[in-house]
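*Asks:* Let me begin by handing over the structure; questions about it come next.
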Amino acid sequence: MKIQQEISNRILKQHCLGCKVAIVVNILWGVFNYFIIEENKWVYVGINFAAATIIALAIMNRERLKLNGEVLGMIPMLTTLTAFAYTYNTVDLEVFQKMTYTHAAVFIGAGMFLLWHIKYSILASIYAIIINLAFYMLFCTISVNDYLINGGILIGTVAIFMIVSIQVRYKLVLSEITSQKALEESRLELKASEEQHRLLFEKNPTPMLICSLETLQILAVNDLVISKYGYSREEFMKMTITDLHKKIDYSDVILHTKEISADDNISEWVHVLKDSSEIDVELIAKSIKYDERPARLVSINDVTEVNKYQDQLIASKQEAEKSKELQGQFLSNMSHEIRTPMNGIMGITRILQKSNLNKEQHHFLNAIIKSSENLMVIINDVLDFSKIEAGKVVIENERFDLEDALDVVQEILVVKAEEKGIYLTVAKDEKVPRFISGDSVRLNQILINLVGNAIKFTEKGGVSIKVHALHSDEDRIKLRFDIRDTGIGIPSDKIDSIFQSFTQASSSTTRTHGGTGLGLTISKQLIEMQNGILAIESEESKGSTFSFDLEFDTAVQTEKSENELRVVARSNDKILGDLNGIDILLVEDHPINQMLAIKVLEDWGFNVDLAENGLIAVEMVGQKAYDLILMDISMPEMDGYEATREIRSGKHCENSDLPIVAMTASALIGENQKCYKAGMNDYITKPFDPQNLLEKIYNQVSSKLKTA
Ligand code: ADP
Numbered sequence: 001m002k003i004q005q006e007i008s009n010r011i012l013k014q015h016c017l018g019c020k021v022a023i024v025v026n027i028l029w030g031v032f033n034y035f036i037i038e039e040n041k042w043v044y045v046g047i048n049f050a051a052a053t054i055i056a057l058a059i060m061n062r063e064r065l066k067l068n069g070e071v072l073g074m075i076p077m078l079t080t081l082t083a084f085a086y087t088y089n090t091v092d093l094e095v096f097q098k099m100t101y102t103h104a105a106v107f108i109g110a111g112m113f114l115l116w117h118i119k120y121s122i123l124a125s126i127y128a129i130i131i132n133l134a135f136y137m138l139f140c141t142i143s144v145n146d147y148l149i150n151g152g153i154l155i156g157t158v159a160i161f162m163i164v165s166i167q168v169r170y171k172l173v174l175s176e177i178t179s180q181k182a183l184e185e186s187r188l189e190l191k192a193s194e195e196q197h198r199l200l201f202e203k204n205p206t207p208m209l210i211c212s213l214e215t216l217q218i219l220a221v222n223d224l225v226i227s228k229y230g231y232s233r234e235e236f237m238k239m240t241i242t243d244l245h246k247k248i249d250y251s252d253v254i255l256h257t258k259e260i261s262a263d264d265n266i267s268e269w270v271h272v273l274k275d276s277s278e279i280d281v282e283l284i285a286k287s288i289k290y291d292e293r294p295a296r297l298v299s300i301n302d303v304t305e306v307n308k309y310q311d312q313l314i315a316s317k318q319e320a321e322k323s324k325e326l327q328g329q330f331l332s333n334m335s336h337e338i339r340t341p342m343n344g345i346m347g348i349t350r351i352l353q354k355s356n357l358n359k360e361q362h363h364f365l366n367a368i369i370k371s372s373e374n375l376m377v378i379i380n381d382v383l384d385f386s387k388i389e390a391g392k393v394v395i396e397n398e399r400f401d402l403e404d405a406l407d408v409v410q411e412i413l414v415v416k417a418e419e420k421g422i423y424l425t426v427a428k429d430e431k432v433p434r435f436i437s438g439d440s441v442r443l444n445q446i447l448i449n450l451v452g453n454a455i456k457f458t459e460k461g462g463v464s465i466k467v468h469a470l471h472s473d474e475d476r477i478k479l480r481f482d483i484r485d486t487g488i489g490i491p492s493d494k495i496d497s498i499f500q501s502f503t504q505a506s507s508s509t510t511r512t513h514g515g516t517g518l519g520l521t522i523s524k525q526l527i528e529m530q531n532g533i534l535a536i537e538s539e540e541s542k543g544s545t546f547s548f549d550l551e552f553d554t555a556v557q558t559e560k561s562e563n564e565l566r567v568v569a570r571s572n573d574k575i576l577g578d579l580n581g582i583d584i585l586l587v588e589d590h591p592i593n594q595m596l597a598i599k600v601l602e603d604w605g606f607n608v609d610l611a612e613n614g615l616i617a618v619e620m621v622g623q624k625a626y627d628l629i630l631m632d633i634s635m636p637e638m639d640g641y642e643a644t645r646e647i648r649s650g651k652h653c654e655n656s657d658l659p660i661v662a663m664t665a666s667a668l669i670g671e672n673q674k675c676y677k678a679g680m681n682d683y684i685t686k687p688f689d690p691q692n693l694l695e696k697i698y699n700q701v702s703s704k705l706k707t708a
């Protein structure tokens, strides 16, 4: 409807123009007639002028007469046609036939130009035919043939041209108006969306600015940037983004820039606000077009608080690490400090046990030994636990004899089982190979812990250890270890908590059974470090089963392996016979430990020389050929590692490869590795078990004695 109205208005406007053209054409035509026609020339001129006047009156009064565009278009056409037809039909002139065509052309042009509407154009055509016919009847001076040829064809052509042109013009106007309308609408939409974008930018809850890509000149800032930085919008427009950066020596400020893509990046800066205070910011820049020019949309993240927290976090983490290290150091020192006197207590008690004592005195000494052993277990657990917590445990992978390892566990614990009158059995299925590669020390530790617990918490029945092969491929085997007991069991609500450090199922446990509540935690962690899982099934007063799976490398089962029999248990008499009169250098700074070791060694019939520190030991080795050195680790002047390295260097003596056994109060996991690295052959911890020491000495010296 709106478009129809618009078209009508346009037609009206154009027809007014058309009317004016028709007025001029009629006046000119009248003047032309005045000069061409001789007879009654004023009639012809008058008719033309009358037509011009009618047209002029029609335009001037079109509003009062309510003439629409179409009707107004018809008036000049019809008046001009009438004037033309009158002249054409009344004047019998050859010349006029030519004039007719000229006038007709003007008429066609004017008609095409003026008329838009099909209804009016058909009416106009009918009017043209009737008026022509009427004038022919009235004044005809030419033949009907001439009339039809000159007039009929002319009028017909006019009608066709008019109809076609009307339609074409109508469509053209319509499409012009529609596209103009669409353009207008999209312009309005664009304006609205631009406004929306501007609002989105200005009211955005993130501080944002836009700067030129080339000059870094700030082109726009949003409200938050203004309130944050304190500069006005006008002040910002005079700045570049680098004016906001703190002027610093970049070498000592960590600024990082991370490229997200070729055009976008994230960077960190220190920005200075108008009031000179500083903030840490993270700028996220994206390439955009702003006013048709390359620019960057920069969003500003204030990371001052985050950085502050991060710094605090790093500082407290460092502090925690430091205190953990101190704690480790403290535990290591404490262990050393406790072990040294414990060596004296246990060693001397053992010596005392051998002297002439009455039954009661024996009983008391046994109690001292038992208490000392319990204390040692606790110290060892605490140390292992702190080592594992500090992540300093390394899992070894060495070939070992599994049968042997299981026997050792049984040998150590069977005494306790027998004391309680319960059984302890070990069974291994046939598919389990004898020699495997893995960490035998840790396996031993886990088994001793779990089997030790099982014995501790069982009063009737006993404990069984079973080993199965779960599955194996060419070079790996997975073994399941089950430790089943018929003891007190664990209440189901306590099962989860017993794996926590320093936790026991019942608060009375320490009183009745001793222990620290660390054994299971250590075992579990050692198993998990080897990618295994410790599982537990337990029923109160029926018993518990602790199971774990561990994977091992399958060591080559050579004949030699089979022949590698366990150390044949030799009688001490045989050993002592073989070792009689060997020369041992004892390197030890602690007077009680000196006394103890000398007593033990001399009782075995060995010749013992004493060096009070590493430096003296190195000297003494140069003077006498010893069969073996027992080397303390921490000593004044020169420690055991250093002394070993000196001796091994060969600068001081000929037999620089003589066996050296470390004898240390430091029992931290990994300590043995340190000793081997320094060049020692074996390692024994203080307080030492005399039998163990004797075997170690025999292992080191016997081969030499045989070859000698
Ligand atoms: P500890 O034995 O030094 O107390 P553990 O970590 O080895 O510490 O064990 C934690 C607790 O788990 C024990 O105090 C005991 O309550 C419970 N527990 C462990 N093994 C058994 C078992 N075989 N039977 C019954 N209770 C057990």
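Per the numbering used here, the sequence shown starts with residue 1, numbered consecutively. By construction, the Cβ of each residue, glycine as well, lies at the ideal position given by its N, Cα and C atoms.
With which residues is C211 paired in a DSSP beta bridge?
*Replies:* I218 and R296
*Asks:* I need the boundaries of the alpha helix (DSSP H) containing S372, first residue and last residue.
*Replies:* K359 to E389
*Asks:* Is it buried or exposed for D473, if we count other Cβ within 10 angstroms and need 16 for buried?
*Replies:* exposed
*Asks:* Indicate the three-state DSSP secondary structure (helix, strand or coil) for R476 in the structure shown.
*Replies:* The answer is strand: DSSP assigns R476 an E or B state.
*Asks:* Under 6 angstroms: does the beta carbon of G328 sit that close to some heavy atom of the ligand ADP?
*Replies:* no
*Asks:* What distance in whole Å lies between the Cβ atoms of N681 and V661, which are believed to be in contact at a cut-off of 8 angstroms?
*Replies:* 6 angstroms
*Asks:* Mind checking whether the beta-carbon of N453 lies closer than 6 angstroms to any heavy atom of the ligand ADP?
*Replies:* yes
*Asks:* Just checking F400 against the ligand ADP - is the residue's beta carbon closer than 6 angstroms to any of the ligand's heavy atoms?
*Replies:* Flag unset: Cβ of F400 not near the ligand ADP.
*Asks:* Could you spell out the range, first to last residue, of the beta strand (DSSP E) harbouring F400?
*Replies:* E398 to D401
*Asks:* Can you tell me whether L520 sits near the ligand ADP, meaning its C-beta is under 6 angstroms from at least one heavy atom of the ligand?
*Replies:* yes
*Asks:* Measuring only the C-alpha atoms, how far is N343 from N593?
*Replies:* Inter-residue distance for N343 and N593 is about 7 angstroms (C-alpha atoms, whole angstroms).
*Asks:* Is DSSP giving T685 helix, strand or coil here?
*Replies:* strand
*Asks:* Any idea what DSSP makes of R64, helix, strand or coil?
*Replies:* coil
*Asks:* Below 6 angstroms, is the gap between the Cβ of F385 and the nearest heavy atom of the ligand ADP?
*Replies:* Result no, Cβ not under 6 angstroms from the ligand ADP.
*Asks:* Roughly how many angstroms lie between the CA atoms of Q318 and A390, to the nearest whole one?
*Replies:* Going by the C-alpha atoms only, they are around 14 angstroms apart.
*Asks:* Can you list, in chain order, the residues of its chain whose CB lies under 8 angstroms from that of S656, leaving out five sequence neighbours each side?
*Replies:* I647, R648, S649 and G650
*Asks:* Classify H363: buried if its beta carbon has 16 or more other beta carbons within 10 angstroms, exposed otherwise.
*Replies:* So H363 counts as exposed.
*Asks:* Pick from I422, S175 and Y626: whose alpha carbon is nearest that of C653?
*Replies:* Nearest C-alpha to C653: Y626.
*Asks:* Pick helix, strand or coil for L534, following the three-state DSSP scheme.
*Replies:* strand
*Asks:* Report, in whole angstroms, the separation of the C-beta atoms of E642 and G679, which I expect to be a contact under 8 angstroms.
*Replies:* Not a contact, Cβ separation roughly 11 angstroms.
*Asks:* How many angstroms separate the CA atom of V173 from the CA atom of K13?
*Replies:* The C-alpha of K13 is placed about 13 angstroms away from the C-alpha of V173.
*Asks:* Going by C-alpha distance, which of L402, H590 and F201 is nearest R480?
*Replies:* L402
*Asks:* Which whole runs of the beta strand (DSSP E) in the stretch 282 to 348 are 3 residues long or more, in chain order?
*Replies:* 293 to 302
*Asks:* Could you tell me whether the Cβ atoms of G712 and T486 are closer together than 7 angstroms?
*Replies:* Since the first residue of the chain shown is 1 and the last is 708, residue 712 is not available in this structure.
*Asks:* Compute the minimum distance between the beta carbon of G650 and the heavy atoms of the ligand ADP, and state whether it is under 6 angstroms.
*Replies:* no
*Asks:* Please state whether DSSP places D275 in a helix, a strand or coil.
*Replies:* coil
*Asks:* Give me the Cβ distance between I448 and V409, rounded to the nearest whole Å; I'm assuming they're in contact under 8 angstroms.
*Replies:* 6 angstroms
*Asks:* Is F457 near the ligand ADP, with its Cβ less than 6 angstroms from a heavy atom?
*Replies:* yes
*Asks:* Starting from N613 and walking both ways along the beta strand (DSSP E), at which residues does that stretch end?
*Replies:* Run containing N613: none; DSSP gives neither H nor E here.
*Asks:* Compute the Euclidean distance between the alpha carbons of P591 and E360, then round it to the nearest angstrom.
*Replies:* Cα-Cα distance, rounded: 29 angstroms.
*Asks:* What number of angstroms, rounded off, separates the C-alpha of S702 from the C-alpha of S371?
*Replies:* Using only the alpha carbons, I get a separation of about 35 angstroms.
*Asks:* Quick check: the Cα distance between L375 and I369, rounded to an integer number of angstroms?
*Replies:* 10 angstroms
*Asks:* Please tell me whether, using a cut-off of 6 angstroms, the distance from the CB of D482 to the nearest non-hydrogen atom of the ligand ADP is below it.
*Replies:* no
*Asks:* Is the number of C-beta pairs between the stretch 68 to 76 and the stretch 8 to 27 that are closer than 8 angstroms three or more?
*Replies:* Output reads yes: the stretch 8 to 27 touches the stretch 68 to 76.
*Asks:* Where I465 and E695 are concerned, what is the direct C-alpha to C-alpha distance, given to the nearest angstrom?
*Replies:* Taking the straight line joining both Cα atoms gives about 27 angstroms.
*Asks:* Which word fits F688, buried or exposed, when buried means at least 16 other C-beta atoms lie within 10 angstroms of its C-beta?
*Replies:* buried
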